[in-house]
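**Q** Protein chains in written order, with my numbering: chain A, 3 to 316; chain B, 10 to 368; chain C, 182 to 658. After the structure tokens below, expect a handful of questions from me.
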Amino acid sequence: MESGTSIWERMGFRKSSGVAEAGWGHTLVVAGVSFIYFLPVLFIIFTAIKPQALALSVPPTLSPTSLFGLIPDQFVFTPTLENFGSVFSRVMTAGGQPEPTGFDRFFFNSIVIASVSVLLALVLGTLAAYGFSRYPLKGNDTYLFIILTTRMLPAIVVIIPVILMFRAAGLSGSYLGIIMLYTAFNLAFTIWMMKSFFDELSPDVEDAARIDGSSEIKVFLKICLPQVIAGLAATFVFGLILTWNEFLFALLLTGPDTRTVPVAMNQAVSSGGRGTDWTLLAAIETLFLIPVFLVTFFLQEHLLRGVTFGTVRK
Amino acid sequence: MSVTPVTSVPRTARTSPALLEVSADNWRLAILVGVVVSALGVAALPASVSFWIVGAMAAMVAAAFVVNAYRRRYYGGLLVTPAIAVLFVMNIFPLLWSLGLSFFAYQSNQQSIRFVGLYNYIKVLTNDIAAPDNWNALINTAMFVVLTVSTQMIVGFLLAMLFAKQFPLRKYLLILVLTPMMLSVVASGVFFTYYYDPTFGILSYVMNSITDGQFILMDSKAGAVAGIVFADAWMWSPFVMLLVLAGLVSVPKYLYEAAAIDRVSAWRRFWSITFPYIRGLLMLALLFRTIEAFKLADLVILLTKGGNDTMTISYHLIRIANEQNKTSEGAAISYVMLFMVIVLTNLYLYLAKRRNREA
Amino acid sequence: MTATTKIKGVMAAAGFAASLMVGGATISYADEVTLTMAVPDWPPTRIMKKFFDEQYKPKSGNTVKLDVDFIPWPDFYTRVNASLTSGEQKYNFIVSDSQWLGAFVEGGYFRKINDLLDADPEFKKTFMEIHPNPLNAYATYPHKSENYYGFPQFPDVLVNFARKDIICHEEEQKNFQAKYNKKLPCTGEELDAMTWDDFRNVGEFFRRKKGEMLAGKPAEDDFYGIAFQAGKAYDFSSMQINGFIWQMGGNIWDETQAPSGQAEGVVNSPEAVKALETYLSLIEYMPPVAKTGTMDIFKEDELFREGKVAMAVNWIGLGEASLDPKTSKVSDKLVFGMMPGTKGPDGKMVRWSNIGGQPFVLTTWTTDAQIKEAVEFVKWWLSSDIQHQFAAAGGQSAVKSVYSDPKYVTYRPWNRAWAPSLDWQKDVWHVPQFFELLTQQQDQFDLAITGKQDAKTTLDNIAKFQQNLLTEVGLIQ
């Protein structure tokens, strides 16, 4: 993708007049669309830096800056970082002292649980996907379909058996339990996704390598895996996003010490004997967004790199 | 695209070990020992200990399978076993458990349990008090599936096309579009109640200043459905987009180069070169979004509580199985639902395969 | 075979990690007693924990730890229900909504405390000092029997929140008098004397468009006279509608009359229909969100705190935020009264209302050693000193010697309405079918609130459903 024709052109949308590689004009169009798409998120982020008293003002305050007078004063607020402090420590009882909220722990838990389980699912799932793709078993499709069905039922259906199992095994409230559960939770998607990538690879290259004497393991590691980096990145990102925000299992199977942020976040939805604390909720969500946002951003390169692995080109 | 198993590598044929031969690949003996030890363990020891014994035995059997598969070069089995094992313990086993419960009269907050055969299924489908709610929720769910999935597919595809080009600042703009799906549903759902709120919300503020009336989005079924579909599609269209985009960028360049030389028309190039590369991923996006759409509950709970006739089967299930503790009735509803999803996904897969063969 | 060694290595590492994680989760017990408690995360429970940590000295000399699991309100039932029904046996104390008693007592999770009361006369004396209405609601199952289960954690009633700056404004007073030939209530006593008709008048009178004059100034935004709960979720309309029905001579299905008490004919009696009609007729004077069926207690509270409403009937439990200038635009303008009532045929005020609040209960798997400490803890909690401190910090007390103390009304402005309101509290059902009854009723009320169905049809549907369900389970014969 570094040079040469863009996909847009490669897909045949190039005008015969020969318009150059999409430039700033296209950027402008996409920027407009992206900005509109991003607005509801931007509003949440702005709410996180709003003074609490302005959270529900009518008309809504929309911007921390007037953009050199472009935005009328009534829509502008003075930004504050106070809400981020409240995420970690705030007054819980009228007239009391600020108390720690435990959110540092919840963030740590979310990071550990999500990353370990997604990586585990990626390893197991990629192996399985490769198996399903390259060494089809008898009844391969049936196995795949059964794996898919594990994603079809709402979590609430399995929750009672899962709680019973966890209790029997002493896994309730432990990291291991929730990590294993999330690993399973991610496997179906990982397997299906990675299989579709492996299926698209040309077997010719692999066969050629085998004839040259490469072992099966080498074929997998050196030839197949590098071609599906984009797929691995995409699968990782999706798995991370889903696990990161999973709520029901986390609510029921984590204890006070292993609780994750999505569960604790509801502190702000019913906060201090009242309804939603908008600025606090926005601050938690904004902080909670950062890790997964960064991971996605840095994996983006891989997500978007075309599969230009040398051996493919004939 | 079917992949033929590789036959070029010579395979050494080993004979299986005899039943009682102590060998790492004797999976039959492992099963035998495993079953006997597990049964003894379950019978004699408390649950907290026997669980681990059963687990260890299962691991032993799995290990025997793995060694066996490796020695005999059943690579397929070798590769998929670990994943299947995790899925079995954490997912399939609980599913079978609840399937079993659906044939009993069981409420999780009562101590009695009684076998009732298909009674729960008959009740949830035909009982004149319980069934109408279920059917109504199923119809609403079908409506949400069609509306949300089609919106997501269209918006996601269009967004992917927009980004399938190299242009300045592309990666910074792409991440903006991807952000909605990274939000936790709790936070985005709660904020959508704010956006739609008639007193404080932005939507009503804008509408009121245009029309000079009191605009209330969520006071009719059409408005409530639109509100939910919009929020859901906004969150999950990026998912479709990312899958399509991953497919678009995986098309090898040489195919286009060859096509350019042959002066193939744009439309044909799309269908014969690009589409085969994104077809699988489009299918996957469709499949997973449909499955997720069937489970739509959290946004409904946050935005309407099922009011204005927006009750979905998944939310209904939460009420039955969780709030009211009617575990076995809930299990029956969910297996009816599972049946429908299976029929639908099989239809997808069948159509996809047929397409595949034609192409 | 590099692959096998690699796999083995990975597996060993995973196993090691696993043992670390499991090991980390187990706790070793020294000679100390830990009481684990599941509570909703809000000030009354935070205060309880704080008092315990700062002040509690166990008489036994043991080290007693109160391990409190603060669970956010929206998920509290889900978490507790799953923990109980799965047999997790994790908690010794559980804060429970009073209506959950039947389901969890029948399930064998909540421990009957009669033996503990009988064994400890001092304990029993304290316990019996709780006002009989909250005691019945929070502690008895079957309802109003002498089987006791719970202790008040945060007792609660509905009161009338009002804005002095609006209702006491001279010009508004004058105009109201001219229009209705009645004084616009302004003081707490005047609020106490309000009927639902007066409440309606306030609603009609204070409906102002943005820019119209309100208390001498142009209104900054659309303004509404009244609000009460009218939401579909949980019990966010039943709790208000029940009060209307009881006040106007109707009734809900009465579990204390089981199995001879009926639902059909009682639930949909003409009195009940009229009461529901009255309730519904007030919706039009409320902020527009009421028309969407999502006017729950929190939305109502938010509208009030943001200054969009002149008067709102809501739980005391949500009141603290209105008084806090950080969260309330009306913190310095408040006056509180009892919930409006209905004039009975004899001209006396009838004020029945549905009790709110939560008891906390002991669970059946609590060991003897834990129970001993738990009883001491409860005695301490219900002691006059701690209840006074609790009330001073924003809690409420149902203990007679505490709330009848003249000091009590000075703690919070709504406390003046507390003692008289307690005498008029009833409760909804406590039967195990509570959630089914509630869900169906809330769905039906929602249809009425959003204008899709009239009061008669609504109550007919509810009566039919209840008659059916309760006959099926043997509670109606």
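Heads up, the beta-carbon is just placed ideally off N, CA and C, and yes, glycines get one too.
1. Can you pull the DSSP bridge partners for C:Phe541?
2. Since C:Met519 contacts C:Asn341 with CB under 8 Å, what's their CB separation in whole angstroms?
3. Taking Cβ-Cβ distances shorter than 7 Å, what residues in chain C pair up with B:Asp206?
4. Near B:Asn129, what residues of its chain come up, given a Cβ to Cβ distance below 6 Å and the 5 sequence neighbours on each side ignored?
5. For A:Ser135, name the three-state secondary structure that DSSP assigns.
6. What residues in its chain sit with their C-beta under 6 Å from that of C:Tyr329, if we drop five residues either side in the sequence?
7. Verify whether the separation of the beta carbon atoms of C:Ile426 and C:Met492 is less than 8 Å.
8. Any idea what DSSP makes of C:Ser534, helix, strand or coil?
9. Between which two residues does the beta strand (DSSP E) carrying C:Ile407 extend?
10. With DSSP collapsed to three states, give me the class of A:Asp279.
11. Starting from C:Met519 and walking both ways along the alpha helix (DSSP H), at which residues does that stretch end?
12. Starting from B:Gly316, find everything on chain C with Cβ-Cβ shorter than 8 Å and list it in chain order.
13. For a contact defined as C-beta to C-beta under 7 Å, what are the partners of B:Asn331 on chain C?
14. Quick one: which chain B residues come within Cβ less than 7 Å of C:Gly288?
15. Mind the definition here: the stretch 103-121 of chain B touches the stretch 341-356 of chain B only if three or more C-beta pairs lie below 8 Å; say whether that holds.
16. Buried or exposed: B:Ser246, going by 16 or more other Cβ atoms within 10 Å of its Cβ?
17. Need the endpoints of the beta strand (DSSP E) that C:Ile552 sits in, please.
18. How is C:Ile208 classed by DSSP in three states: helix, strand or coil?
19. Helix, strand or coil: how does DSSP classify A:Asp214 here?
20. Across which residues does DSSP place C:Lys607 in a beta bridge pair?
21. Where does C:Glu235 land, buried or exposed, given buried means 16+ other C-beta within 10 angstroms?
22. Tell me where the alpha helix (DSSP H) around B:Trp144 begins and ends.
23. Please confirm whether A:Ser36 has its beta-carbon closer than 8 Å to some beta-carbon of chain B.
24. Distance, Cα to Cα, A:Phe299 vs B:Lys180?
25. Assuming C:Asp248 is part of the beta strand (DSSP E), what are its boundary residues?
26. Check each residue of the stretch 477-502 of chain C: if its Cβ is closer than 9 Å to any Cβ of chain B, include it; give the result in chain order.
27. Can you find the residues in the same chain that come closer than 6 Å, C-beta to C-beta, to A:Gln302, ignoring five residues on each side of it along the sequence?
28. In or out: C:Asp347 buried (at least 16 other Cβ within 10 Å) or exposed?
29. So is C:Gly392 in contact with chain A if we call contact Cβ pairs under 8 Å?
30. So if DSSP puts C:Trp496 in a beta bridge, which residue, or which two residues, is it bridged to?
31. So, C:Ile643 versus C:Leu461, is the Cβ gap smaller than 8 Å?
32. Could you tell me the distance, in whole angstroms, from the CA atom of B:Met190 to the CA atom of B:Met244?
33. Determine contact between the stretch 54-61 of chain A and the stretch 207-227 of chain B, defined as no fewer than three beta-carbon pairs at a distance below 8 Å.
34. Going by alpha carbons, who is nearest to C:Gln658 out of C:Pro315, C:Phe274, C:Gln443?
35. On a CA-only basis, which of C:Gly575, C:Trp599, C:Tyr592, C:Thr548 is nearest C:Lys581? Give me that one, please.
36. Looking only at its chain, what residues have a beta carbon closer than 8 Å to the beta carbon of B:Val186, apart from the 5 residues adjacent to it on each side?
**A** According to the data block:
1. C:Val276, C:Phe332
2. 7 Å
3. Val470
4. Ser111, Ser337, Glu338, Ala341
5. helix
6. Ile294, Asn295, Ala320
7. no
8. strand
9. 405-408
10. coil
11. From DSSP, C:Met519 is part of no alpha helix (DSSP H) but of the beta strand (DSSP E) over 515-519.
12. Lys413, Thr473, Gly474, Thr475, Asp627, Thr631
13. Thr259, Asn262
14. Asn118, Gln119
15. yes
16. buried
17. Segment 549-563 is the alpha helix (DSSP H) holding C:Ile552; no beta strand (DSSP E) there.
18. Per-residue confidence for C:Ile208 stands at a pLDDT of 44, beneath the threshold of 50, marking its modelled position as unreliable; the derived number appears in the next sentence. Coil at C:Ile208, not helix or strand.
19. coil
20. C:Asn535
21. exposed
22. 140-172
23. yes
24. 8 Å
25. 244-252
26. Asp477, Lys480, Glu483, Leu484, Glu487, Lys489
27. none
28. Here the sequence assigns Ile to residue 347 of chain C, which means Asp is not the residue at that position. When all chains shown are included, C:Ile347 counts as buried.
29. no
30. C:Leu339
31. no
32. 5 Å
33. yes
34. C:Gln443
35. C:Trp599
36. Leu168, Phe172, Pro247, Met250
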